[in-house]
Each structure stands twice: as structure tokens, then as C-alpha cells.
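One structure below.
4 protein chains.
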Amino acid sequence: MVKLGNLKLTVIGGGSSYTPELMEGIINNQDVLKVSEVWLADVEEGKEKLSIIADLSRRMVKKKKCSIKIFETFDRKEAIKDADYIITQIRVGQLAMRRNDECISIKHGVIGQETTGAGGFMKALRTIPVLLDICRDIEELAPNAWLLNFTNPAGIITEAILKYSQVKVIGLCNNPINFYKKFANSYNVAIDDVSIHFTGINHLIWITDLYIKGKSRIDDILTGKSDSYEAKNIPAFGWDPEFLQSLGAVPCGYHKYYYQTDHILEKQLEQYYRNETRADNVQEIEKELFEVYQKPEIQEKPDILEQRGGAYYSEAAINLILSLHRNSKDVHTLNVRNNGTIKCLPDDVSIEVNCVVESHQITPLQVGDVPAQIRGLLQNVKAYEELTVEAAVYGDKGLAHQALTLHPLVPSAERAKNILDDMLPINKEFLPQFN
Amino acid sequence: MVKLGNLKLTVIGGGSSYTPELMEGIINNQDVLKVSEVWLADVEEGKEKLSIIADLSRRMVKKKKCSIKIFETFDRKEAIKDADYIITQIRVGQLAMRRNDECISIKHGVIGQETTGAGGFMKALRTIPVLLDICRDIEELAPNAWLLNFTNPAGIITEAILKYSQVKVIGLCNNPINFYKKFANSYNVAIDDVSIHFTGINHLIWITDLYIKGKSRIDDILTGKSDSYEAKNIPAFGWDPEFLQSLGAVPCGYHKYYYQTDHILEKQLEQYYRNETRADNVQEIEKELFEVYQKPEIQEKPDILEQRGGAYYSEAAINLILSLHRNSKDVHTLNVRNNGTIKCLPDDVSIEVNCVVESHQITPLQVGDVPAQIRGLLQNVKAYEELTVEAAVYGDKGLAHQALTLHPLVPSAERAKNILDDMLPINKEFLPQFN
Amino acid sequence: MVKLGNLKLTVIGGGSSYTPELMEGIINNQDVLKVSEVWLADVEEGKEKLSIIADLSRRMVKKKKCSIKIFETFDRKEAIKDADYIITQIRVGQLAMRRNDECISIKHGVIGQETTGAGGFMKALRTIPVLLDICRDIEELAPNAWLLNFTNPAGIITEAILKYSQVKVIGLCNNPINFYKKFANSYNVAIDDVSIHFTGINHLIWITDLYIKGKSRIDDILTGKSDSYEAKNIPAFGWDPEFLQSLGAVPCGYHKYYYQTDHILEKQLEQYYRNETRADNVQEIEKELFEVYQKPEIQEKPDILEQRGGAYYSEAAINLILSLHRNSKDVHTLNVRNNGTIKCLPDDVSIEVNCVVESHQITPLQVGDVPAQIRGLLQNVKAYEELTVEAAVYGDKGLAHQALTLHPLVPSAERAKNILDDMLPINKEFLPQFN
Amino acid sequence: MVKLGNLKLTVIGGGSSYTPELMEGIINNQDVLKVSEVWLADVEEGKEKLSIIADLSRRMVKKKKCSIKIFETFDRKEAIKDADYIITQIRVGQLAMRRNDECISIKHGVIGQETTGAGGFMKALRTIPVLLDICRDIEELAPNAWLLNFTNPAGIITEAILKYSQVKVIGLCNNPINFYKKFANSYNVAIDDVSIHFTGINHLIWITDLYIKGKSRIDDILTGKSDSYEAKNIPAFGWDPEFLQSLGAVPCGYHKYYYQTDHILEKQLEQYYRNETRADNVQEIEKELFEVYQKPEIQEKPDILEQRGGAYYSEAAINLILSLHRNSKDVHTLNVRNNGTIKCLPDDVSIEVNCVVESHQITPLQVGDVPAQIRGLLQNVKAYEELTVEAAVYGDKGLAHQALTLHPLVPSAERAKNILDDMLPINKEFLPQFN
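Chains as they are written, first to last, in our numbering: chain P, 49 to 483; chain Y, 49 to 483; chain D, 49 to 483; chain F, 49 to 483.
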């Protein structure tokens, strides 16, 4: 039901460095949202960060003369109770475990990225049980709340929640909003004049058509005539226009792991031998960020946050909350239950497609059939994701082995086994379901 | 592509008594639509009516100081050439043939309604070839135009166009907009606060859920606690709340032909014996209407038009054109290609569901599975419709017999044959494909 | 697992007048089957009949010098325990209730046949709970047994068992075997030279192709050039060859209820007014049969049994048991779970199609798509059957009303309600689930 | 139609070293088959081989006192005209091109096998146009003939024929018959006592259940308790029982390319560096075989043929022809159109599953759903096959690139491009469709 004002908004993983951006969004839309309480919940290990973030949030609220009350807590249930919107942005095992994920993968010669490949797989095993625990609390204490899940790998996590809880969950990613922003900018039009046909699953979405003010512009991108695509999202290597044309669709940034595997692997191996990982890099940025955050003179989201990556994450979240709140029937690109939308995928899996947002439900726009070029990879990765969810929920090592073997970036069952044999013991404390 | 101003809007069957309402809608939205030309095309037999309508339209335009030019023509191609929007509202064989449809049906003891049963079946056989001819012209002369088809039976006609032409067609009915109006009125809220889940096909749509400001209200209707449903749409007989509750959905008005067959049949037989048909009734109203239309002092849509039925037809059309024109991603309930939206129906049939409207395309919102209560009747009627399209396109009497036999309101193959044997000869001049 | 000899075969409803035919089949195939025990179980009300049948069976065994032991019992569990094959041929409420089913239906002007229409519907409501009880016993006492269900309406009963028990059930009908016999006879070839493509559900199967020695002969039947079809199976009225050709398939005998409704209804009304029902007719035949059965000089299946109808029922059963027993991968036409075989029907419903029989499983041969002529009626009747199963299992009067309303032979929701209101009270003692 | 005697049997690629085995099968079943003519057709380049094979065939026929006439011809049309069964076993480009396929693949670090990976891909591009040309002749000159396609990659070739011709084609492989033989042998039972549930596509079939005399034995294989599996079919590396158990199915030999990629790749690289390929190996065996074949004293299939591989190929073919000829409704494992049999694959693709064989048609047994472990790989490889067919038929280099990129054994789009850039020019004379 549409609720007018007095919203309670809860952030689980409130001590995250992203929170200030979210706070900014809430504050800037306070005339519509009328949030009365923001609860920042985190685990005790994150006490210091949580405290810094909560204090900064309070300064931000005060600066803008808002009446929002900021709460910080280690008691998740208290934060969840009667919340209207709950955002989850947690990292089970922190950056230390992410570092392990990346290093073990690459040590075995396979790409280990936070969301894709063996890295994302391991992160899912650690994270799903925690998220399902949170969902148990939501079912009990805030059954009508919308859960906005940002936690990566967002597609897999959202699928686990869709399959194993009653919570009204929506999976969110900043990939789609970035495409909208980019194309609006390239063609110098308003966001509303951009229409993008997305097909796929989280971090594996293809753009099968692009309309600017009602005119198809996809060929600009496929033929490389436009610079609107390669500029920022895709790193150094670029895409071969001939490849894009026979693909008939624009891949997203994460596709490079599948289509440009050789180069990415080489680059990751280099970094590994130099003992540099993305986890290390992020750790440094985070350190720097929190140093800035705690300065009393900082009363707004500092510009430095933009370097952290995750551009427009909060904007995506705030836009979604606004549509839910206003029951506005807007179109957003979200992770939801398939239910026949993409016909070549099972009904009960998560997909990332355009959806109409109403306050009581999210309805995907029909996609239908998918060309073979896209279908084969999409179905393979989705089957991997389904097995990962089952392995994580039931703590089934055999299914974990099957999942990893099926992953297109893992070249053999043996390699999958070796990675698993290294990863499971080191993650033991985060995998009670496997013991 | 979104076109700014200078729109050419063409009405085929421009001499229809509904046209003044449409004109009113165009004039009232002229600041957004910026229509430069309205072409009213009709057949020579309708010369007098066309002339009356065109003159009235000109008076209406002048009264409102609009700069729209009104053209009347018997040359369809001239009217279609380079049109941006084309509306078809024709009646092949006029009311005389409608009278035959109704009388022959009821003479054989089956319901003969203009859109449902043997009546709608016969109308489809006459109309599909004409509409497909029109589509040939549109393909050639205005390939980018949107065709808004009002011509009944709108679901069957739209399906024929979807299957046998390249034209960008949308089937339109006033059934959905009437539900929106009714519920908005009952709950005293704005139309935008009403969200209705429609499942079905033209003139056979069920409301499977209803939300008012984000809160489900379907139980109000199913339990009869609310008067919001039975009041106007459904005639005398009403619905049994127990039946509605086990159905789990709100039927539309045309469902009474299927669910209340006995009563409707009895009533139609009575009228038949009194030599009164709906066709006769409409003929009288039409006569009266045109008498009013030609009075020079009439410079606006006269109130008497409301008695004609078809409430909000033009509003539905104008709203749709506005959304197409503005590329607004609004949700409308339209007749479109299924493509997996309702999983229990074939991909290539027409369905009537909620859709997102963009200037370049209409995308249905995913419906998924349908409960058995709805499914059985829906699938049966749809198979009848598919066969009717084939019979009409190929002039296949055998398939015509199969179609009619399959119709739930026709009790046996023999009865179907007898009706057909009476109907085909009398319609001979309108059925070149059967000769 | 294939078991060699010492078979225990159980007949629930052993006192049925059909049992002697079954006994004959067992005895004639004893060299392959090596049955050691036949258990005839029945309810105490049927004591006299059971005793007559058991005695006759013993005389038949003795005459042929077989070593099969015949047991009669009212203790169903004793009969089921460790059985290898269990046959159910029961009639809950006996012929008295069948008489009610037929009379109440026709009184309301709708066809009331034992398996089709309101008659079959009511029989299903009475029978499903009893069959599911039997299945509970089989799950406990003979989990590896094959259950051959003859009990009508066989398709609906089998579907209930498939959905609500773990028993290995096969639904059997004599319709398919009669077609094989008839065509073999007409073309003067061996049964093995006849190949029939069946599509449909129990008592609603269409022959979509017919091959005699590898050559398609369906057109002989569709064009009426052959007399092989109409002779016996279809009563007086016959089929119009033009209708058959546009149907593109040969209907089964029960199709006349749907395609020739007017005639059947007229005939049933006549009988009703003469106070003659099929139930009365059967009652008389049964009386006569049992008088013969109890004569000590009768030591074989008496010829008079052939008048009872149900020709080749036992042959179908014995053939199936032989194939199961020998693990012979033969093709039989059986009622099994759809599982995608007929693509336009749900996965979990029962269908009647060609299947390969192995001792451990029955696998349907893929059917795929079905033409619209067949599809519409098939889907409608199947949805009615699904609702009937749910109504019977959950004792849900609302669903019972929806089921009956959806039935193509019931013209309106009101008529359905009136029939139900007459039927439910009179069946009260057999419908504990509704109380 | 079942034809009695006077069969004309045509072998396209009649000069193949496999032909003597086929001849042996024909001769041994001559009492049933009653073949009057065997036509061995080949290209002029194979003149010498063809002559040797034809002469040997004549000696074999004479030795057994058969009345079969042996024809040799370079005129394909003459051979096809009025044939009853046509067998295709051709190798476009001979072993020289196979050598290129293998070497180019491995040079780029990917597995290049004759049927799997880049090797099979290239072979398909060369072979499909030739097979479709043959089909044009069959459509014209022998439209009722059954085409038994042995030509590899048999699944892809069969799919191309199913999609782009009207010929009654069946794809055949010796993989399934080898499993039957092996299990019959291991369990010491007759072949008829073995029942294997196959799911998949050619050279990628999983055994999802195994029954010996009606008892499930799959666990014997999955747990490694039985030696019935690993002994011969799977090379040195063996399978990890834990992997098999979580897979829940027995892979076929070709699965090692996907599941044991590292080892196979290493082994192929070794051979490549030693300048030894499978093509070289086969070339030597062939040379030796033909030396034996031409000895006048050889009047039967020489034992040495067994070393050539392809065990039981001819037996599979002869068994199939026997079932077709006798209209016997036996179950064979064949490559046929999916049509919904495996629900997660498109309707129009080829699959390899159990089928019932009648003289007029082949009908697959319903498979239904497939577990995720199998599904992901199966769907990915099938999408690659679909694209390969399109690329081969339309000579579309872009689709060829997409096909190869999608193949699980090709790690990146760039690698696919490099392989293609090396392969296409060297195959130029065999790829008219690409020029």
C-alpha cells in the first residue's frame, strides 16, 4: 500500500562507504519521500566505520535542515522492525575474503572476479545464508517491506531470496542506469528520451535495441560510428565492430570476461604476480574515504567517493524507491523472477530486464525469444547460477563442484575441484551450511 | 520515430457516428498533438454520412480556433499516404448485415452478438479481407504509421493483421478504460491510483487483481461488498458473489454470454420474436444522431452521442495516441501479439493485456500462468478465433465449420453447419474469398 | 524389477461382472505370467457377487488345470500386501448412484453420461477419495506394485492418483484397443500392422493418423470411403465426411457428446421421459449375468458377457501386464502424466497417448503440437478435469461449481449450480470431504 | 510403406573403408531384407578405393551365394533414383582437410577434434552444403527413401537436413549401441534386458538411468562399484566417482573434451609437437586396410577393420534398417527433430534420444526436464550447433565467428577469429557459400 510519509528506511551494511551517496539521495528527495527514520545496521566488527558513517549522515541531514533521524545499531531485528524499505549492501568476510577469492582463482589460472567466475561463486556461498537469515527477520518483523538487494553477486543472491523466502525482493545493479546516462549524454537528450531493450541476467545483459526519441540507434553502436559506447564502460581492449554486428547486440562490461577471456586473464595474472588485486586496490580507496568521512567539516558526500566505482548505485536505488513510493508505473531495469519473460530460461530464476514499478508489485516487460548468439551463453551461466544457489542453500559440495565445472570460465572439472579444495577450507567460518 | 507536429491522422470509416467524439479528443489535445490534417475516408455508399461528419468536424475545429484541416475522401490510398496514425472503424455490410448475423444466430437457438458467438464470427469473415486490403495500402503508402484498430471483433481482426501483414497494428477496446473509470469513481481516487491486472483476450478479459493506491481491493468486488462493479457494466442479472469468489477473478461484461447463457439466450429469443434486434436499435439511434449532426448550430460533440454506447472509445484512442506521440512509457490495456505473455496461449495470437507504450513499440507486461477456471474457457475461445482467422483469410468453409463448432456457445457441429448454410449465401457479396 | 513367476495379482472390485474375462486372460497366459495368487477384494455390500465370481474363477482355473489360487476378501489391505499388479474396477455408490447421476443431469437438460459431462463429474467426486485411500494402502503395503486403473472416469481418477500419491499408476481404457481391432479387421491385417496416432485424453482421443503396413490410410476414414470406422463404435447418427475432413482427424465415440450434442441430448431426454436410463439397462444385464455365473456347469467365461459392453477391456489389461512382466518395450495406448508430451497441456495432467512399456516405467511417445480444431476442446475439457480433481480432493464446493461451469456440455454457471445443488445432498454419504 | 523385397540400397561414399562391414550386415540379414541392388556411389577422386570396395563386396556376396547386385558409380543421381534406403558416409576434403582442422585448432591452443570443437565446426561448414545438395537429389529422385546419415558431425549435419530439406533423415551414431553392448556384457544379460535413458545431442549424451532386467543399476556406475563403464570407452584419465554422483548421470566418451579439457588439451598439444595427429593415424590404418581389401582371397570382412574404430556402426545401421523394414516399433537411439521432447531445447533442433521406429516414422520418447548440471552445457553446445548450421547454409562469416565464440572449448572471441582466419582460406575450395 502506498504510505504517505513517516517512512522508515533501513540499510543493512550501513557502515559501507557507499552510504553517504544514498543519504544524499534521500535528503534531496525528502519533499517526496518524507523519510522520518534511517536505520544503519551493521555487524560489531564494523563498529568504527558505522560510527563514522552515522556521524557524517547526521551532519549531512543537519546541513540540509532535514528532519530525518539517523539510528546506528548492531541489532538487526530492531533495524528491520516495521521498516518500509530495506537496503542490503553487505560483504560477508570483508575485503580479506574477496582477496582470497581473487587470488585462489587466478592462482588456478581462471578469472576470479567479485561477481563473475570463481570469485563471484565463492562470494555467493558465503553470502546467501546470511541474506536468507536477514529475510527470516524481514518475514517476521516487516513482511510488507520492499527489500532492495545490492549485495553482489546480485543476480544469484536475489534468486536465492526469490526461491527460499517470502520477502518482496528486488535485485538492483548500476549497470543499466549507467547505460541510460551514457546514451543520454552521447545523443544529448534527456534520460526519458532513451529506450533500451535489455535481455539477460545480472552482469550479463545484452542491449538488443536502443531507441533515441523513438528512432533506433543500435547500429550506431554496433558499427562503431558512435563513440557513445566504448568510451568509459569497457576497458582498454574495446570491441571489434564486426563481432558486435554479428552478435546483433551490445554486450555489457562484464561480457569481456567471456568474450575477451585471454586478455583479461593475462592482465589478472600480471597483477597477481605483482601481488596487486582489485581487493587491495579497493582497500586502499576505502581507507582514504573513511579518513575523509570522519572530518567534521565534511557535511556533504565528498567528491572522492566517485573514484570508488559503483557510479549511480544510489541514484538507481533512490529512483526505484521514488517509483515504488509514488506508485508511478515507471519502467526500471531490475532483477526479478523470470516467470516466462525470457522464454528460454526456467520460470523460477532471476533475470535482469525492464519492469514496470508499482507500489505493490514489479512486473517484467515481455522479452520472448532470444537469438542463439545470446541464448547459449545466457543459459549456461544461468544453469551455473541455479546450481550455485542450491549448493549454497543446502551446503552441498557436490553441487558446488558441478556449478563451478559448468561455469564457462572454468575449463575442467578438475580445475573446479582444485579451486574448491582451496577455497572451502579458508572460508570455513562463513560456511556453516557445509559443515 | 517521435514526430513533432504536422501530424496526419486518418480515419477509415470516417463517416461513423463516433467520429465527433474522436474530433473532440484531437481538438482538446491539439497543444500536444499538433495535428495538421485529419483525413476522413469512407466508401461511396456512405457519402451522405461522411459529408455530415466532415462538416461537423470543420465547425468543431473552427469553434475552437484550431488550425486542423479536415479532408473527406473516397480514395483510401490518398488518405493513407504518409499518415502518422490511422484509425479503422468500419462496418462491412453495414447494419443490415449485422441484423442478419443476429437473426440467423438466434433463429438457430444460439447467441448472436456483434462480437461474440456466431454473430462476431460472421462479422469477422466479412471484415478481415477488407482490413487486410487496407493493410496492403498502409504497407505501401505509410509503412511507419501506427494502425489503431477499433473494428470489431477487434481481437480477431487484430490477430489477422498481426499474422498476415507487416503493419504496426494495435487493437483497441473501451472495455478496459471503462473499468478504470468505474473503479476510480467507486473509490473516489484518480485514474492513476487504480491498477488493474487484466488477463485474457478482447471481450473476454478477467480482472485477476485490483489495487487502489497500492492496496488490493479485488475482494471488495468478489464478495459484493462494493457496488463498484455490478452497477452499470453488467445488465440486470448480476453475478453471484459465491461464483465470483471461486472464480477468483472479476469477469467482464461479455462473460455473461458464457456464464449466463440461459438468461441471455432467453432474452435474445424474446427480442427476436418481437422482431427487435440490437441492430434495429442501433439503426434508430444512428438516424437520430445524424439528424442532430447536420444542424449548423451544432459546433461541438452533442451530448446525445453518449447514448450510442461505446463510452470512452475515443478517449482510449486519444490517450493512446498521446502516449505514442510523447513516447511516454505509459501503461495501456491493448490487443497485441502474445509472444509468451500468457503462457497457455500460442505465441502468435492476439491478447488483451497491460502494455507499456513507447513511440516505436508496444510491449506487454508479463502475465505468466493463468488459473484453470480462466484457462479452459480462454483457450477454447482463442482456438475458435485462430480458426476464424484462417477460415477468413483462406476462404475455407471447412475451417469455418470447425471454428463455429468449437465455439462454446454453439452446441453441436450440426447446428454450426446449419448456421453457416444460412449465413454464407446471404453474405455472398462480402465473401469473395469463399467463391 | 522383472519378477519371474509367483505373481500376486489383486483385483479391487473383484466382484465385478467383468472379472471372468480377466480370469480368462490370466489363465490363457499362465505360461508366461506364472500367477500364483489372484486376490479378489470387495466391499461387504457386494458379498454375494464376490462369492459368485470367486467360485466361477475357481471352476475356470480348475477346468484349465491351472495352479492359480483364488482368494476372496473384504480386507483390502490383505489383498494389497505384496501384490505385483493391482487392478481397480470399483463403482462407489453402485448403479443406484449412477442412475442418480444420469437422471439429475438430464433433468436439468444436460447430458449425464457415466464418464462425460455432469455424470462423470459426480462419479469422480465420489470415487477419487476412495481411490486415494486405496493408494495410501498400496504406498504402505506394495510400493513396487503397478496399479492398473480401470475405474471411470479413468482419466480424471488417474490424474488424481498421479498428483496425490506415489503409486505407480497406469490408466487403462478399451477405446484404443477397439480401434486397433477394428482397423485390423477392416484392412484384414494383423494388429501389429496397424499404427494409430492418438492425441488426447481419456474418452476424448482423436486419431490424427492411421497407418496400415506403413501406408497412411487416414483419408479412407475421413472421406468415408472405408466402412472401417462408423460401423460399430459410433451409434446411429454417423459422421459427416466433410466435417471429418476439415477436422483432419477421426474422433472417438465419446466425441459425439460434444459434436452431436443436440441428437444425444434429445435421445437421452426421450429415455428419461420413458424412465429408462443406461443405469437401468446395465442393472438388468448384470442381474442376468450373475444368474449365469452361478450355474455350476459354467466353467468358462460365458458368451453373454460380451453384451455387457467394455469389449476387450480385459484383453487390454492382460496385454499390458504381459508387456510389463516381460519388459518388452511394446507400444500401448495409456493414460499417463503429460510431462510435455502434448505441448498445449500442463505438465502434471493425465493424457491418453501411445507409450513404450518397460517393466520399470511407461514412457509416452512425443506428440508435440496439436491443430487448433482439436486443441480448443481438448484444453477446455482438461481444465474442467483439473478443477474436478481439486474439488474432489479438497472437498471444495466452489471449485466443483467452477469445474462444472467450465464443462462444454453445461451451458451456464446457473445450470451448473442447480445440478450441484441436486447432486451433492443425494451423494452425501459418499462425499465425506465436502462435509 | 513397407516394401517387400527388391530393395535398392545406396551408399554415398561407397568407397569408404567401413563399407565391407555394412555389406556383411546386409548379407547376413538378406532373408529378411531381400536387397536386390546395392549402389556404391563416390566422387571420381575416390575411384581406386571405390573399385576395391565394389570388388570385395562382389566377392562377399558370391561367397555367401547371395543374389545381390553390386553397382559402382560416380553418378550420384543414378544411385539415388528410386532407392529405398540411402546411407551417407562422406568426408568432404578427405583426411587432408581433417588434418588441417586438427592442426589449426591445436595451434591456437584449443581442442580440435573431428566432431567436437573447432575441428567439428570446420567439418560441418564443408559438409553441410554437399549433404544438402544430395538431399535436393533425394527430394527429386527418391522422395520416399529413408536417409541414414552417418556423416560427422552427425548431429549438426542431421539438423541442417531437418531444417533445410524435406528428406526423411535419421542421424546415426555408434555411441548408444556401444553402451548397450557394454552393459549387456558387464551384467551378462541379453541386449534386450538393458534399458538406457539417454538425454542429449549427438556426441554429448548423458545416461540418466540404466535398468538391467527392470532394476535400476545406474548407481553401480556412478559409484564406480561396477567396472562396466570406464574400461574401454573412456581413455586413460577415468572419471571421479564423486563427480559422477553429483552429476547424477553417466557422461559419454566425448564429454571428456568438456569435463577433462586440461588433460585432453595437453595430450593433443604433445601429439601436435610430435607432428602426430589422429588424421595421420587414420590415414595409415586406411592404407593398410585397402591393401588387404584388394587381395582376391579376401571374401569376407577382414578382422583388421575392427582397429579402424567406429565399432558397431554398421550393426547400428542394419538394425535400424531391419526395424524400418519390418515396421517393428522397436526402440533405437537416434538423432531426430526435438519437437518438445527435451523441453529446454528449441523445437527444430536435432537431439539424440530413444525413439520408436516404424516404417513410416520415427517418434522420440518424451524426455521432459533435464537437471541443471546437464542443461547448461547441453544448451550452450546446442546454440553453437544452431549457429553453425546457419553459418554453413548462408555462408555467413559473422555467424561462423559467433558460433565458434560460443563454443565452450574456445576461450574468447579473438581466439575464435584467429582460428577462423586460418581455417577459411585453406578450405576455400570447399566453401563456395562463403565466396
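Ideal Cβ placement from N, Cα and C applies to all residues, glycine included.
Here the structure is a predicted model, which is why all the values come from computation and not from measurement.
Simplified DSSP assignment, three categories, for residue i
i: ILE352 (chain Y); result: helix
i: CYS221 (chain F); result: coil
i: GLY388 (chain P); result: coil
i: GLU278 (chain D); result: Legend: pLDDT at GLU278 (chain D) = 45, less than 50; position of this residue unreliable, value from coordinates given subsequently. In the structure shown, GLU278 (chain D) sits in a helix (DSSP, three-state: H, G or I).
i: ASP396 (chain P); result: coil
i: GLY168 (chain F); result: helix
i: TYR320 (chain F); result: helix
i: ASN483 (chain P); result: coil
Where residue i falls, given that 16 or more other Cβ within 10 Å makes a residue buried
i: GLY286 (chain P); result: exposed
i: PRO283 (chain P); result: Residue confidence is low: PRO283 (chain P) scores 44 on pLDDT, short of 50, so the model does not pin down where it sits. Its coordinate-derived value is still stated next. PRO283 (chain P) is exposed by the Cβ-count criterion.
i: ALA144 (chain Y); result: exposed
i: ASN428 (chain F); result: buried
i: LYS343 (chain D); result: exposed
i: ASP267 (chain F); result: exposed
i: THR309 (chain F); result: buried
Partner residues on chain P for residue i, Cβ-Cβ distance less than 9 Å
i: ASN375 (chain Y); result: ASP240, ASP241, SER243, TYR259, LYS261 and GLY262
i: GLU400 (chain F); result: Within chain P, no residue comes near GLU400 (chain F); the closest Cβ sits about 18 Å away, beyond 9 Å.
i: HIS408 (chain Y); result: SER243, ASP257, TYR259, GLY262, LYS263 and SER264
Interface partners of residue i on chain Y, CB under 9 Å
i: GLU434 (chain D); result: ALA420, ARG423 and GLY424
Residues that DSSP places opposite residue i in a beta bridge
i: LEU57 (chain Y); result: Y:VAL86 and Y:TYR133
i: TRP508 (chain D); result: An answer regarding residue 508 (chain D) cannot be provided, because it is not within the stretch 49 to 483 covered by chain D.
i: GLN308 (chain D); result: Y:SER460
i: ILE244 (chain D); result: D:LEU258
i: PRO412 (chain Y); result: Y:CYS403
i: ASN9 (chain Y); result: No information on residue 9 (chain Y) is available, as it lies outside the stretch 49 to 483 that chain Y covers here.
i: LYS117 (chain D); result: D:GLU85
Interface residues of chain Y facing residue i [CB-CB closer than 8 Å]
i: GLN308 (chain D); result: SER460, ALA461 and GLU462
7 Å Cβ cut-off: residues of chain D touching residue i
i: ALA431 (chain Y); result: ALA420, ARG423 and GLY424
Residues that residue i contacts on chain D, provided the C-beta gap is smaller than 8 Å
i: LEU413 (chain F); result: VAL404, THR411, PRO412, LEU413 and GLN414
Beta-carbon neighbours of residue i, restricted to chain Y and to distances below 7 Å
i: PHE291 (chain D); result: HIS449 and ALA461
- request: Could you name the residues of the segment 446 to 473 of chain Y whose beta carbon sits closer than 8 Å to any beta carbon of chain D, in the order they occur along the chain?
  value: For the segment 446 to 473 of chain Y, the set of residues with a beta-carbon nearer than 8 Å to any beta-carbon of chain D comprises GLY446, LEU447, HIS449, GLN450, THR453, LEU454, PRO456, PRO459, SER460, ALA461, GLU462, ARG463 and LYS465, in chain order.
query: What are the residues of the segment 189 to 212 of chain D that lie near chain Y, defined by any Cβ-Cβ distance shorter than 9 Å?
result: Hits within the stretch: zero.
message: Under 8 Å, CB to CB, which of the residues in the segment 58 to 90 of chain F have a partner in chain D?
response: Cβ contacts with chain D: none found.
Chain P contacts made by the segment 379 to 397 of chain Y, where a contact means CB separation under 8 Å: The residues in question are VAL379, ASN387, GLY388, THR389, LYS391 and ASP395.
Interface positions of the segment 309 to 328 of chain F facing chain P (Cβ-Cβ less than 7 Å), listed along the chain: Per Cβ criterion, the list reads THR309 and ASP310.
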